[in-house]
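Those protein sequence lines, which keep their order, are chains S, G, W and Y.
Each step along the first sequence adds one to the number in the working numbering, with nothing skipped, and position 31 is 198.
Each step along the second sequence adds one to the number in the working numbering, with nothing skipped, and position 172 is 339.
Each step along the third sequence adds one to the number in the working numbering, with nothing skipped, and position 141 is 308.
Each step along the fourth sequence adds one to the number in the working numbering, with nothing skipped, and position 73 is 240.
Even glycine gets a Cβ: it sits at the ideal position worked out from N, Cα and C.
Please read the structure below before turning to the comments.
Number of protein chains: 4
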Amino acid sequence: MATTAIIGAKALAKGLITPTGLVTELPEIKRVELVSFKNLIFGGHETRRSSFKQSVGQLEDTGINIKPQLLSKLGNGIKGIERDIKIGVTSNPTRGKSLQKTVQRLIKDITHFRKRHSLKNVIVVNLASTEPPVKEGSHTRTLTGFESALSKNKKDLLPPSCLYAYAAFKSGCPYINFTPSAGSSIPALRELARQLHLPHTGNDGKTGETLVKSALAPMFNYRALNVLSWQGYNILGNSDGRVLNNPKARESKVQSKNTTLTNILGYKPHSYVGIDYVPSLGDWKTAWDFIHFEGFLNTRMSMQFTWQGCDSILAAPLVLDLIRLVELSHRRGESGELPHLALFFKQPIGSNISDLHHQWLIFSKYILEKVSRKCS
Amino acid sequence: MATTAIIGAKALAKGLITPTGLVTELPEIKRVELVSFKNLIFGGHETRRSSFKQSVGQLEDTGINIKPQLLSKLGNGIKGIERDIKIGVTSNPTRGKSLQKTVQRLIKDITHFRKRHSLKNVIVVNLASTEPPVKEGSHTRTLTGFESALSKNKKDLLPPSCLYAYAAFKSGCPYINFTPSAGSSIPALRELARQLHLPHTGNDGKTGETLVKSALAPMFNYRALNVLSWQGYNILGNSDGRVLNNPKARESKVQSKNTTLTNILGYKPHSYVGIDYVPSLGDWKTAWDFIHFEGFLNTRMSMQFTWQGCDSILAAPLVLDLIRLVELSHRRGESGELPHLALFFKQPIGSNISDLHHQWLIFSKYILEKVSRKCS
Amino acid sequence: MATTAIIGAKALAKGLITPTGLVTELPEIKRVELVSFKNLIFGGHETRRSSFKQSVGQLEDTGINIKPQLLSKLGNGIKGIERDIKIGVTSNPTRGKSLQKTVQRLIKDITHFRKRHSLKNVIVVNLASTEPPVKEGSHTRTLTGFESALSKNKKDLLPPSCLYAYAAFKSGCPYINFTPSAGSSIPALRELARQLHLPHTGNDGKTGETLVKSALAPMFNYRALNVLSWQGYNILGNSDGRVLNNPKARESKVQSKNTTLTNILGYKPHSYVGIDYVPSLGDWKTAWDFIHFEGFLNTRMSMQFTWQGCDSILAAPLVLDLIRLVELSHRRGESGELPHLALFFKQPIGSNISDLHHQWLIFSKYILEKVSRKCS
Amino acid sequence: MATTAIIGAKALAKGLITPTGLVTELPEIKRVELVSFKNLIFGGHETRRSSFKQSVGQLEDTGINIKPQLLSKLGNGIKGIERDIKIGVTSNPTRGKSLQKTVQRLIKDITHFRKRHSLKNVIVVNLASTEPPVKEGSHTRTLTGFESALSKNKKDLLPPSCLYAYAAFKSGCPYINFTPSAGSSIPALRELARQLHLPHTGNDGKTGETLVKSALAPMFNYRALNVLSWQGYNILGNSDGRVLNNPKARESKVQSKNTTLTNILGYKPHSYVGIDYVPSLGDWKTAWDFIHFEGFLNTRMSMQFTWQGCDSILAAPLVLDLIRLVELSHRRGESGELPHLALFFKQPIGSNISDLHHQWLIFSKYILEKVSRKCS
């Protein structure tokens with residue numbers, strides 16, 4: 168996903184591709200002063216054992232078809248990046264340095280990156296695979312509790328996504344949590360963001376089945392149709408799929424997907440979200456949803472949909488959109504959760520609006536206000 | 168559809184069924200003072216050669232499963248209705264009385280019905296099968312032109328749906344056009360409605376594939392995804408399906424369905440709406456839609472949905488909703504087209520909003536204003 | 168399922184319904200001398216707490232639409248049956264009588280039933296819900312082992328399906344195992360059937376997703392297409408669905424469904440069979456299968472199917488078919504497993520042919536031989 | 168399709184790809200002495216205005232993803248081919264030379280091609296777009312009639328596919344008609360093939376929806392399920408799709424597809440085959456089939472399938488298979504229609520077997536006989 172986003176941003180900067188899939192390039196949205204693609208510099212942490220070049224090579228194996236011509240035109244723009252990619256932190260609690268040391272390393276990496284490129288603004292984005300749900304406790308509830316667990320090196324309590332969010336904030340950077348992992352969504356870190364006047368947003372980019380669900384579910388309300396059951400099955404074959412085959416990691420994802428329906432309908436129908444790993448699909452996720460509903464005179468009817476999308480292709484432009492929108496917020500002095508970005512997430516931090524259309528209205532209104540302030 | 172609506176209204180009046188499928192029974196909507204189901208009296212014109220009792224008997228053959236217990240409980244409530252059902256006007260231009268005579272008969276039937284039951288308000292609803300598109304000309308453009316064609320007995324220019332709308336208005340009644348036929352949507356009759364301060368609404372109840380389409384299409388805009396093709400295939404087996412097997416009648420329907428997409432997306436993708444007659448399906452319509460779209464880095468993806476609904480069961484409650492909402496408008500002195508009812512139609516008269524969510528916002532706002540006016 | 172089969176048989180005996188769904192009524196099959204529906208007498212064991220009359224009443228709740236007129240015409244034919252239905256044996260090992268006593272009771276019930284109606288031939292059919300897989304051991308491998316476990320009252324080793332099969336054989340009756348439970352398929356009981364010269368057949372009636380799979384999978388072989396993944400998801404809401412929501416019971420079912428694909432393709436693609444309980448569906452099972460395959464020049468393609476069938480309606484006629492075909496075998500002196508009946512099962516005992524077309528060829532050939540022997 | 172077949176054959180000859188999709192490379196089939204891919208030489212007629220190199224370039228635009236590495240490895244093997252590709256004959260009756268001259272040119276081209284490469288055997292294959300159905304008359308019924316129309320230059324009676332078949336036979340070559348056009352299937356040309364002892368086969372390669380249909384339909388027979396309706400909708404975007412958007416050409420295709428169902432079921436359910444042009448799909452054909460059927464107790468159930476395949480990728484290996492199998496027949500002295508090849512066609516010449524499994528049995532038996540004759 169990161170590789171796709173970087174290639175896309177470079178291609179956009181050079182005008183080599185159309186901005187299809189980018190919300191921030193819609194005519195009504197691009198009127199706000201967003202950072203241009205030319206001014207985006209990428210660096211990061213890689214948790215897999217592959218170089219950026221290898222990741223580019225692997226795109227084709229997962230079914231992402233980037234034309235060789237495009238890659239060769241980007242040649243120089245991409246070459247330098249390897250230097251800015253460091254080894255990422257994973258959740259193996261028995262290995263490696265203490266949590267304190269880890270956080271210090273993260274802060275150092277961010278700070279060096281900022282200095283090397285003389286950057287005004289650095290945005291930290293979590294695109295790593297899903298972690299199991301975090302145990303709740305004083306370490307999630309208050310900043311003091313969090314920092315105490317950190318100094319006591321409680322590796323089983325503080326997952327990498329939280330360490331990254333903490334390090335980002337401590338480095339003066341906004342944080343975007345594109346995964347269903349805890350990240351900055353725990354009260355302890357929301358407290359820190361407020362203290363330091365930093366914006367942050369998440370959780371879990373809404374790209375496929377849940378996107379459709381959040382567009383479709385309101386229809387049943389508008390027609391007073393009673394949803395009896397909503398069964399959803401997702402099959403996918405990328406590393407995300409492999410991780411989600413692990414029941415613990417799946418739990419975070421399914422929780423993230425499940426709230427949508429109840430939030431929109433206002434009641435809880437029988438529902439299920441399955442995620443299964445099908446290696447041959449690569450990055451192409453297929454979802455089948457079956458919706459059983461009741462209408463007039465208690466007649467039962469049904470609809471089903473199949474979604475066949477490429478995960479990274481759907482997610483990458485949203486990552487770029489979020490970077491630009493969070494950078495805007497930071498520049499404008501906005502801080503804390505950014506509820507106007509609920510549109511982009513399965514489990515928006517600081518918002519309980521799941522209805523896609525409602526989310527769009529809130530986002531549009533925010534943009535309109537920004538634009539009119541600019542004009543006045 | 169009419170039979171289902173009447174049975175449903177009678178069952179609602181006696182509290183025998185839940186109001187599933189009725190928009191006007193949603194908690195936030197029912198706060199306006201709508202006519203109660205107990206106060207609704209039904210009569211009408213039947214264009215087929217079957218009595219009301221026979222129509223009830225045929226419901227099961229078309230796959231509508233109304234429990235015998237319910238019917239026996241309604242016994243008395245339904246018996247009287249036969250007296251109020253007259254022979255309907257169809258579009259055979261070579262047969263029957265002159266247009267003037269026909270219109271006079273319609274006005275007489277409406278007036279007698281109103282008197283017999285001492286009704287405050289009579290609402291005329293068109294639920295007949297789809298007519299071919301009407302030829303445009305002075306008879307559609309101005310009231311003078313229309314009345315001139317009427318007096319010259321131009322049977323090929325003025326279809327039954329227009330005669331019914333004209334007769335309704337001349338009898339002081341609001342008119343609801345639930346079909347894709349011309350009805351009151353031609354400028355000539357919109358002029359008459361304005362003159363006589365009567366409300367009217369239409370065209371073509373939005374119950375199935377188009378409903379889903381209008382809920383789903385905005386999603387592609389919100390994500391800047393480019394819809395390349397949207398193919399829709401409808402198969403159905405009721406008399407509506409038989410009529411739509413006729414290419415001329417289908418034309419009206421397809422026109423009605425086609426505008427939705429372009430209106431919502433703001434551009435015209437390759438699209439197609441097929442309607443085919445499959446007798447074994449009876450009243451159960453199945454629609455399959457295939458949507459081909461382009462995302463980031465010009466990657467092509469797709470989604471498909473299958474809708475399996477019972478036409479009459481989906482339409483009947485909307486007919487009751489519209490009767491109640493148009494009656495409200497009439498009582499409150501509103502006249503002309505009722506754009507706040509766009510939510511209910513494939514081709515709303517007086518509105519070019521096709522996006523279901525936008526339509527809902529407009530409708531909700533209208534209701535809220537009515538409620539606050541009531542409270543203040 | 169049993170209720171539906173009995174009502175169907177009675178209606179067939181009276182000529183009230185067409186024999187749609189009955190293999191034994193196909194013109195080419197009915198030429199063998201099968202027992203007529205008039206000569207079938209039904210009795211049985213009920214494991215639920217409901218009378219036959221109540222079961223009939225529940226059919227509608229599960230979405231099986233038997234016309235009230237049909238039921239009233241069957242009135243007398245059905246009334247008597249209650250007397251022949253006894254309380255069934257379930258798998259609660261802590262309760263009830265010893266295994267020996269239970270088997271004696273089963274034998275007594277069968278014997279009385281045979282005497283009361285002066286029957287030539289009694290066929291025992293297992294239609295109870297799926298049991299968890301049986302533990303293998305000497306009790307499954309040899310008759311001596313089985314009878315030793317029986318006399319030692321090893322309730323956790325011998326599930327009801329095996330006790331019923333044992334009791335059937337000991338009463339001189341053929342046995343049909345329509346479920347994925349062990350039944351007569353364990354070597355110990357196959358030994359007993361051979362000893363007593365009794366025919367038996369099973370396991371697990373092939374009615375829906377697996378039926379389609381076994382018709383479709385050979386196509387990929389014929390075209391040298393390489394199946395990469397075959398994912399199947401079943402959702403259903405009857406008591407079978409409730410039982411299969413239990414992971415242990417599901418194991419039996421999934422095992423039964425899984426062998427089909429490997430047997431037909433000759434290799435093992437990535438595959439999965441999910442079964443989920445969706446109460447609102449009642450007896451209507453919906454299955455979605457997604458097949459990912461590779462063709463020429465390593466191009467990946469896919470197909471998907473959705474099956475929407477009513478479980479009891481699909482299974483009931485097969486139960487009647489099997490009763491007639493096993494009765495024929497018994498009358499003709501055939502014994503042991505009946506591999507020509509593989510056509511009817513997901514996991515045929517005594518056959519490793521899973522390809523539906525191959526199964527049909529074997530069955531047709533068997534019938535043809537029976538017919539020609541009859542003629543000569 | 169031709170381009171894909173040639174690239175595939177060249178890649179197979181060099182061992183660069185696995186033989187997925189090739190029936191003649193199945194272990195049980197390849198035991199007969201088929202011509203090796205190394206010994207296949209390609210030439211042909213191109214009816215479009217594009218060179219072979221351009222056609223290769225266009226593959227990607229239509230969604231066929233052949234790796235650049237593969238193409239570069241084939242470099243030399245492909246270069247020479249341009250010389251052997253001449254301008255093809257299309258059906259514009261007002262333009263060009265007389266029919267006699269055209270046939271003479273075709274014969275000359277075939278003869279030169281044979282000589283230039285010193286070939287033992289030349290097989291002519293028709294892969295051109297679908298022609299409208301041919302008018303029946305003495306020109307289709309007898310060879311004399313055909314040759315009379317030829318000499319009288321009746322351009323509206325004799326379509327290109329028939330001219331090619333005629334020229335092939337007159338040049339001593341077998342003919343394969345992979346399209347639904349008339350080709351060698353008219354009695355006049357079947358007469359010629361018999362006279363000259365030449366084998367020929369067709370019509371219309373069975374690659375997608377009809378393939379699935381012919382695998383699935385027998386299942387309904389085996390279970391005595393009554394098919395009420397079978398609706399099929401095909402959408403595709405290649406030049407074949409563009410041609411089939413023309414109602415006249417579509418007629419041939421739909422006729423070809425329609426016989427399958429009635430042949431297999433033994434009765435004619437309500438059925439429909441739609442073909443629509445959706446440019447964005449390129450060579451990727453998507454088909455949706457909806458099957459409505461009746462089971463026990465007159466209960467109606469349904470299944471649907473979606474097929475998403477790449478037309479050329481599915482067809483190209485069959486073209487290679489047919490070339491090898493027809494070459495085998497020719498070498499072995501077989502002539503006339505080749506009913507054992509029905510497996511490959513929607514409308515097999517000389518066979519009324521449409522059931523895929525039955526076709527496979529016939530084909531397997533033929534191969535087995537060939538193999539045993541070889542061994543003995």
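Where the beta strand (DSSP E) through residue i begins and ends
{"i": "C340/Y", "result": "That residue, C340/Y, is in no beta strand (DSSP E); it is neither H nor E in DSSP."}
{"i": "K282/Y", "result": "Run containing K282/Y: none in the beta strand (DSSP E); it sits in the alpha helix (DSSP H), 266-283."}
Proximity to residue i [Cα-Cα], best of the options
{"i": "L193/G", "options": "N388/S, V291/S, I516/S", "result": "N388/S"}
{"i": "G503/S", "options": "I184/S, F472/S, G517/S", "result": "G517/S"}
{"i": "I534/S", "options": "K181/S, K197/S, L411/S", "result": "K197/S"}
{"i": "A169/G", "options": "Q526/G, L481/G, W527/G", "result": "L481/G"}
{"i": "M386/G", "options": "A332/S, R390/S, K287/S, G375/S", "result": "G375/S"}
Where residue i falls: helix, strand or coil (DSSP)
{"i": "A349/Y", "result": "coil"}
{"i": "R467/S", "result": "strand"}
{"i": "E376/W", "result": "helix"}
{"i": "D407/W", "result": "helix"}
{"i": "F457/W", "result": "strand"}
{"i": "N388/S", "result": "helix"}
{"i": "L535/W", "result": "helix"}
{"i": "I174/W", "result": "helix"}
Close-in-space but distant-in-sequence residues of the same chain around residue i (CB under 6 Å, 5 per side omitted)
{"i": "G253/Y", "result": "Reading off the sequence, residue 253/Y comes out as Lys, not Gly. The residues are H212, D276."}
{"i": "P300/W", "result": "E418, S419"}
{"i": "V291/Y", "result": "A335, C340, Y342"}
{"i": "D450/S", "result": "T229, G230, I231, N405, C477, D478, S479"}
CB contact check: residue i to chain W, cutoff 8 Å
{"i": "F457/S", "result": "yes"}
{"i": "T466/Y", "result": "yes"}
{"i": "L428/S", "result": "no"}
Short CB-CB distance (under 8 Å) between residue i and chain G
{"i": "E501/S", "result": "no"}
{"i": "M386/S", "result": "yes"}
{"i": "L330/S", "result": "no"}
{"i": "Y533/Y", "result": "no"}
Residue-level contact to chain S via CB, residue i, 8 Å cutoff
{"i": "W397/G", "result": "no"}
{"i": "F512/G", "result": "no"}
{"i": "T229/W", "result": "no"}
{"i": "Q475/G", "result": "yes"}
{"i": "L383/W", "result": "no"}
Proximity test, Cβ basis, 8 Å: residue i and chain B
{"i": "S469/Y", "result": "Going by chain labels, chain B is absent from the structure shown, which instead holds the protein chains S, G, W and Y."}
Contact set for residue i: own chain, Cβ-Cβ below 7 Å, skip 5 residues either direction
{"i": "S318/W", "result": "Q267"}
Residue i: first and last residue of the uninterrupted alpha helix (DSSP H) it sits in
{"i": "P484/Y", "result": "478-498"}
{"i": "G224/W", "result": "219-228"}
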